[in-house]
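Contents: one structure, followed by commentary.
Protein chains: 4
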Amino acid sequence: MEQPSIILRTVCPDRPGLVSQLTTWISNYGGNIKHSDHHTDQDAGLFLSRIEWNTNTFKINKLEIHSELQKIAFELNAQFSLNYSDEVPNIAIFVSKQNHCLIDLLWRVRNGELKMKVPIIISNHPDLEIIAKDFNAEYFYFDTFSLDKSVVENQILSLLKKFDIKLVVLAKYMQILSDSFLADFSSVINIHHSFLPAFKGSQPYHRAWKRGVKLIGATAHYVTKDLDEGPIIEQCTVNVSHRDEVDDLIRKGRDIERIALSRAVRLHLNHQIFVYNSKTAVFD
Amino acid sequence: MEQPSIILRTVCPDRPGLVSQLTTWISNYGGNIKHSDHHTDQDAGLFLSRIEWNTNTFKINKLEIHSELQKIAFELNAQFSLNYSDEVPNIAIFVSKQNHCLIDLLWRVRNGELKMKVPIIISNHPDLEIIAKDFNAEYFYFDTFSLDKSVVENQILSLLKKFDIKLVVLAKYMQILSDSFLADFSSVINIHHSFLPAFKGSQPYHRAWKRGVKLIGATAHYVTKDLDEGPIIEQCTVNVSHRDEVDDLIRKGRDIERIALSRAVRLHLNHQIFVYNSKTAVFD
Amino acid sequence: MEQPSIILRTVCPDRPGLVSQLTTWISNYGGNIKHSDHHTDQDAGLFLSRIEWNTNTFKINKLEIHSELQKIAFELNAQFSLNYSDEVPNIAIFVSKQNHCLIDLLWRVRNGELKMKVPIIISNHPDLEIIAKDFNAEYFYFDTFSLDKSVVENQILSLLKKFDIKLVVLAKYMQILSDSFLADFSSVINIHHSFLPAFKGSQPYHRAWKRGVKLIGATAHYVTKDLDEGPIIEQCTVNVSHRDEVDDLIRKGRDIERIALSRAVRLHLNHQIFVYNSKTAVFD
Amino acid sequence: MEQPSIILRTVCPDRPGLVSQLTTWISNYGGNIKHSDHHTDQDAGLFLSRIEWNTNTFKINKLEIHSELQKIAFELNAQFSLNYSDEVPNIAIFVSKQNHCLIDLLWRVRNGELKMKVPIIISNHPDLEIIAKDFNAEYFYFDTFSLDKSVVENQILSLLKKFDIKLVVLAKYMQILSDSFLADFSSVINIHHSFLPAFKGSQPYHRAWKRGVKLIGATAHYVTKDLDEGPIIEQCTVNVSHRDEVDDLIRKGRDIERIALSRAVRLHLNHQIFVYNSKTAVFD
């Protein structure tokens, strides 16, 4: 059985001695570093660091770690994210009618590829309830055609609180979350079925077909107020030709959507992503 | 020594019996088909066909072929393109200061990958004249800063006529050809350093870096009046990460620019491209 | 509703007039060709052709088609394969303990990507019976540890006959089919978890890790007597690095195994594959 | 003008406190770390570290650095490699008749992509002398057909010494270096025109064509006594189909050979490669 590890992500203004200071602090309490990766964004003047070390030899507890890091954060003007590898967070998946990303994510959870629980699935269509049942998730259907959007979003926000949801994954959820929703709950990953920033907005495969592109793409990104403008986590492409109709683009696209989205969720769960300046640094 | 072959491309309204009619005509004169590929664009109601057959057993000459095809074209409301595999057309390459696409194309010509001659290289900078010399091409430098654009373009058009140029390749030519130029000479392939339609226009790598994309692209396309909107021939991508600065994107981009452009030129020279409805069908 | 189409694959010694003869025969009976692709293997002296045309305007019935083609086959020394696009053949999937390829195939069947039925799933382990139930397939478990191999294979062959199976897909079936089995039933597609011919045989991911490769692959191929030597249909690769342990290779490999296998099965179902000289020509 | 940086690669048995110890040492002398990447190979029990920091604020000189690192190396049982980013080492390129890798490397040197000098080019054919001239390199032709291999190799080894060569790049050099040569000079990168370990040895494209693979590859690796068994640095692949003859494989292969080889040389020059246990860890 592998020992759980502590994962510390740091973002702060760059200055000499940062790696030394952080790793010496870890070393002084007996931590043995498993992974350590650092990046300086010269342009932004920022230092980014991700360090992972074993808990079993580490001599201070969670509370003490937290308290010590607060002091260091103050001194370095740093933002810390502290996580433990044995955390299994609750994730909510939002879907509409298409099932491929949903099934793919749930299958990867069951096979141990994605260390998360999916207690709830939320949809604006009743179609995929059967899949929720198969995977022991509660399915909440909101009729977004007849109900007021703000009412629906408030009910969803309540559910996210009730089920202690840490991340929302939009697995082909063909609805736009309002600014007010995102102000309340901002940890949201979306899969967009194009190679962003090409074909923002609706019907990207139809527009890609019309434009005659020779590659189509899929983009997993964090959701922000500006539609399809959020920080990009992962992008995949696949070749297409004149022999492919729009339906073929949609079919081929499903495979890269599944892969881009599941990779992005995995990177998020492993705390390998930094978000800053409207983009990501992915430490893989 | 391989026998030259005849390449017939046909575009006409779809109807039953087209493949039979064309191939029977070829067969009746003793032609042995080497390659034959047909596509029906159901949406456009168009039939596209490319047939390649040996000349050595074919019983009628170029003039007769031409005359017979005109009759068939009239009957089928078809557009024919007729080429011979032993044609070695004259191509003009337009460049600015970057040499990578130019050298790559010339190297492929010398190695026999691209069956074309490059008698002239045209530039708005004097920098690359030395390369022209190495490859026995005449180098024409036009000072686009001090000269009037229409004057320059008229001189270039004269050169294209004088040297019997069949295709212009914009190998990182950082100038926009005017509508009037394109009205006079329309067979132009450009390499754009992005995955079109993303990052149309100038400084695509800078904008890609700022947007934080995880893949960058290059697009070879025919040039039309609408900048970066011409029919796409070939697209390539390469992975990038947060560790790549703009300079790294530019460096990585050079490799995919060279490959996308040289593939597009090769497909053009082999008469494998159909252009219609602002896009291409590439028979490879 | 799309009209069904007739798909004719032809393999015969190359000679002039073949495309004309075939397409004229189709045209004479009112067939309108939707797709038509021809290839001459100069090395082997063979002509390969795949023609697809609509049934709705075709004036002769299946029996007459068959009878006429027999005459032409005799004349051309040709082998014909005749199929109809509305056929939905019965496929048997063989598995051991890993579920990813099985679930992926069944999901694609349910979503209409693969036009086939899966009445039976055969395994040397009881583990995946629950999945069979979910997708209404009968699950047959054979204890290959205690039972004699020839006994098991004979029972399997009986099942294949009973359920009118047209194709067997080995979706991570960690058993070798005997020569005698393959003599009785030869239409078998396997997924091998390496980039063949590298890492033939067992534990390819372990060996790839040990060798320190920078890409791993998956290969879908027809099964022949010689293990991992059958005609290759489809190959995919994915990047790996020193940070990937064997378990990561296995995880990353699952994604390319699923894609390579499902593409191969789809190409087979669409009658796009020719097998000759121990390799394939894939008309896509 | 960018300040030069110091690059320290460390390999030693893993134990707690290593990152801290190294980075504190750097920090104590005023070094500001630009890049820092660490990896623990759990299987081998080894710690690998690459740290890059600015020279301008670093308070001790090369001699002192060297002396201090020797003490640390003794304590940690570590192997250090110390380099400076402004070093421009002398590289020898070995070729036979094919010019594509040679030209590509020289072009990248001229464009500043590869920070190295190429004072000598060595060949067993006279063909490529003209290229050497273009790029101001001395060309040494050895007639390996009439001369004894050990005689030739000894002369080559003398040249490597005379020109202070740090790395040999086999850019399609169709000769095998003897064990005795490699014992004398071991820093050699080769490009093999297959996806190793598939198609080791001669004529890989012919064998790939015969096997009917759907992807071909190129592998850049360090050379060891066992032919094509050396540590792999970089691998690339490209799609092929039944329409590709052996000549097409060779043509397509040239593009991936150039890219795999130039990437490998660049990684080597940037000191991003660790070699151990017959494989590489590439920190990119």
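Protein chains in written order, with this note's numbering: chain G, 637 to 920; chain D, 637 to 920; chain Y, 637 to 920; chain C, 637 to 920. Heads up, the beta-carbon is just placed ideally off N, CA and C, and yes, glycines get one too.
Cutoff 8 Å; reference residue i; Cβ partners in own chain excluding five residues on either side
i	result
K695/C	Y665, G666
Q908/C	R686, V918, F919, D920
T676/D	D650, L682, F683, L684
L832/G	G853, T855, H857, D864, I868, Q871
T691/C	Q639, P640, S641, I642, Y720
V882/Y	Y841, H842, W845
From the options, residue whose alpha carbon lies closest to that of residue i
i	options	result
I640/C	S830/C, D820/C, D722/C, E704/C	First, the residue type needs correcting, since residue 640/C is Pro and not Ile in the sequence shown. Among S830/C, D820/C, D722/C, E704/C, the Cα nearest to that of P640/C belongs to D722/C.
I727/G	K846/G, G681/G, I756/G	I756/G
I827/Y	K798/Y, F730/Y, D763/Y, R843/Y	F730/Y
P725/Y	D650/Y, I708/Y, R746/Y, L803/Y	L803/Y
K769/G	L738/G, G837/G, E789/G	L738/G
Y720/G	R879/G, I642/G, E765/G	I642/G
H904/C	M752/C, K670/C, T659/C	M752/C
L897/C	D740/C, R879/C, D779/C, E688/C	D740/C
H878/Y	R746/C, E870/C, D883/C, D884/C	E870/C
L806/C	N668/C, H671/C, N735/C	N735/C
E774/C	W845/C, K846/C, G848/C, K798/C	K798/C
L851/G	W661/G, H702/G, K888/G	K888/G
K808/G	S663/G, S656/G, R890/G	R890/G
T921/D	I825/D, A709/D, S830/D, D815/D	In this structure chain D extends from 637 to 920, so residue 921/D is not present and cannot be described.
E746/G	I766/G, E765/G, N772/G	Looking at the sequence shown, residue 746/G is not Glu but Arg. It is N772/G whose Cα lies nearest to the Cα of R746/G.
N913/Y	F910/C, Q839/C, R847/C, E789/C	R847/C
E749/G	A900/G, K785/G, V911/G	A900/G
For residue i, the first and last residue of its enclosing alpha helix (DSSP H)
i	result
S877/D	From DSSP, S877/D is part of no alpha helix (DSSP H); its letter is neither H nor E.
K769/C	765 to 770
S898/D	882 to 905
E789/Y	785 to 798
A819/D	815 to 820
G738/Y	With the sequence shown as reference, residue 738/Y is identified as Leu, and Gly is not the correct amino acid for it. Taken as a continuous stretch (DSSP letters only), the alpha helix (DSSP H) holding L738/Y covers 736 to 746.
Exposure label - residue i; buried when at least 16 CB within 10 Å
i	result
F781/G	exposed
P762/C	exposed
A680/G	exposed
N668/C	buried
V849/C	buried
L644/G	buried
D880/G	buried
E700/D	exposed
F817/Y	buried
I766/C	exposed
Cut-off 6 Å between Cβ atoms - residues of its own chain near residue i, not counting five sequence neighbours on either side
i	result
Y777/Y	S759, P762
G866/G	H857, Y858, V859, T860
D673/G	R686, F919
I892/D	A854, C872, V874
Q715/G	V647
K733/Y	H761, D763
T659/D	none
Range of the contiguous beta strand (DSSP E) that encloses residue i
i	result
H702/C	Taken as a continuous stretch (DSSP letters only), H702/C belongs to no beta strand (DSSP E), being part of the alpha helix (DSSP H) at 698 to 712.
A856/G	851 to 858
R686/G	682 to 690
I827/Y	824 to 828
Neighbourhood of residue i by C-beta, 7 Å cutoff - its chain only, sequence neighbours within 5 removed
i	result
L885/C	Y841, A844, W845, I852, V876
I662/D	I669, I687, W689
Contact with chain A by residue i, beta-carbon distance below 8 Å
i	result
D864/G	Judged by its chain identifiers, the structure shown contains no chain A, and its protein chains are G, D, Y and C.
Would you check if there are 3 or more beta carbon pairs closer than 8 Å linking the stretch 790 to 806 of chain G to the stretch 819 to 831 of chain G? yes
Quick check: the stretch 857 to 864 of chain G against the stretch 852 to 867 of chain D, are at least 3 beta-carbon pairs closer than 8 Å? no
Should the stretch 688 to 706 of chain G be regarded as contacting the stretch 651 to 661 of chain D, the criterion being three or more beta carbon pairs within less than 8 Å? no
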